[in-house]
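Here is the structure we will look at.
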Amino acid sequence: MSWTDDRVELLKKMWGEGQSASQIAKELGGVTRNAVIGKVHRLGLSNRNQGTAAKPAAKEKAAPVAKAAPSKPAAAPQPEKKPEPKTEAAVPVSADRPANVTHLRKQIVPAGQPLPPQPSANEISPEALAKVNEIEKSAKKLGLMELTERTCKWPIGDPATPDFWFCGLPSQQGKPYCEAHVGVAFQPMSSRRDRRR
DNA sequence: CCCTGATTCGC
DNA sequence: GCGAATCAGG
């Protein structure tokens, strides 16, 4: 595959939209994300850092290249704009809920049985709960079979009813849950002192 | 372990 | 110019 004009255009477009190199590569087809990144650099649209000629030459490890030493770092940090629409708009979370967080949790997980590492719902950030509510709306609702090594395995709904599924969103490294669920899953550990055994 | 982009260098 | 291999972070 070669970098035809339209392919380059798509590349520019997607890169401009903040798409990742791997996504772009997948979309284009026939190229790897490395190819995309390489092209991006060649096109000179890697970062919005343009103008500063001198490149700080980040690392010099196994490079037996004898090059003239750079005169000076000369890297004026320019305030850059980051078009990153945080999908964290206002969530209808009760701002005035001092201690009734437990009820909120109940809404999320109606079931009351063999729940995952459900914290004691004591000191969970209301934000985390709101987040969970949010993401559950966009959950992929995977069945038990669809779960893979890196899909969120957070159960949603009542296992005793057909309205039961798993979050299914991309889980974070290693963890069994996605970002949001990790937040409410294991985070507490505050007043859990001894276990009297 | 999964991902991200950045850089190098043989082709 | 191209991109795999590698590096460097998250």
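Just so we're aligned, residue 8 is where the first sequence starts under this note's numbering, counting upward by one.
Every residue, glycine too, gets a C-beta built ideally from N, C-alpha and C.
Owing to the predicted nature of the structure, the values given are computational and were not obtained by experimental measurement.
>> Quick check: the Cα distance between LYS148 and ASN140, rounded to an integer number of angstroms?
In response: The sequence position of residue 148 within the first sequence is 141, counting from 1. The sequence position of residue 140 within the first sequence is 133, counting from 1. Their backbone Cα atoms lie some 14 Å apart in a straight line.
>> Can you tell me whether LEU154 is helix, strand or coil according to DSSP?
In response: Taking the first residue of the first sequence as position 1, residue 154 is located at position 147. Coil, per DSSP.
>> Is the beta carbon of VAL191 closer than 8 Å to that of LEU154?
In response: Mapped onto the first sequence, residue 154 falls at position 147. Mapped onto the first sequence, residue 191 falls at position 184. No.
> So TRP22 packs on VAL47, CB below 8 Å; how close in whole Å?
Replying inline: As a first step, residue 22 must be located in the first sequence, where it is residue number 15. As a first step, residue 47 must be located in the first sequence, where it is residue number 40. Correct: roughly 6 Å between the Cβ atoms.
>> Quick check on the burial criterion: 16 or more other C-beta atoms within 10 angstroms. Buried or exposed for THR158?
In response: As a position in the first sequence, residue 158 is number 151, starting the count at 1. Result: buried.
> Which class does SER29 belong to by DSSP, given the choice of helix, strand or coil?
Replying inline: The residue labelled residue 29 in the question sits at position 22 within the first sequence. Here SER29 sits in helix by DSSP.
> Whose C-beta lies closer than 6 Å to the C-beta of LYS219 among residues of the same chain, with five residues either side of it excluded?
Replying inline: In the structure as shown, the chain starts at 8 and stops at 204, and residue 219 therefore has no counterpart that could be examined.
> Skipping 5 residues on each side, what residues in its chain have a beta carbon closer than 7 Å to that of ILE31?
Replying inline: For this step, residue 31 is matched to residue 24 along the first sequence. The residues are LEU18, MET21, TRP22, VAL43.
> According to DSSP, is GLY164 helix, strand or coil?
Replying inline: The residue given as residue 164 occupies position 157 in the first sequence. Correct three-state label for GLY164: strand.
> Roughly how many angstroms lie between the CA atoms of ARG49 and THR39, to the nearest whole one?
Replying inline: Here residue 49 is taken as the residue at index 42 of the first sequence, counted from 1. Here residue 39 is taken as the residue at index 32 of the first sequence, counted from 1. Cα to Cα, the separation comes out at about 15 Å.
> What did DSSP end up calling TRP172 once you bin it into helix, strand or coil?
Replying inline: As a position in the first sequence, residue 172 is number 165, starting the count at 1. If DSSP states are grouped into helix, strand and coil, TRP172 belongs with the strands.
> What residues in its chain sit with their C-beta under 7 Å from that of MET8, if we drop five residues either side in the sequence?
Replying inline: Position 1 of the first sequence, counted from the first residue, corresponds to residue 8. Once the five neighbours on either side are set aside, the close Cβ partners of MET8 are GLY37, VAL38.
> If you run the structure through DSSP and keep just helix, strand and coil, what is LEU35?
Replying inline: Looking up residue 35 in the first sequence gives position 28. Here LEU35 sits in helix by DSSP.
> So what does DSSP say about PRO92, is it helix, strand or coil?
Replying inline: Here residue 92 corresponds to residue number 85 of the first sequence, with the count starting at 1. Note that PRO92 has pLDDT 41, beneath the 50 cutoff, so the model's placement of it is unreliable and the number below is only indicative. DSSP places PRO92 in coil when its eight states are reduced to three.
>> Which residue wins for smallest C-alpha separation from GLN180, given the options PHE173, ASP170, VAL189?
In response: In the first sequence, the residue the question calls residue 180 occupies position 173. When only C-alpha atoms are compared, the closest one is VAL189.
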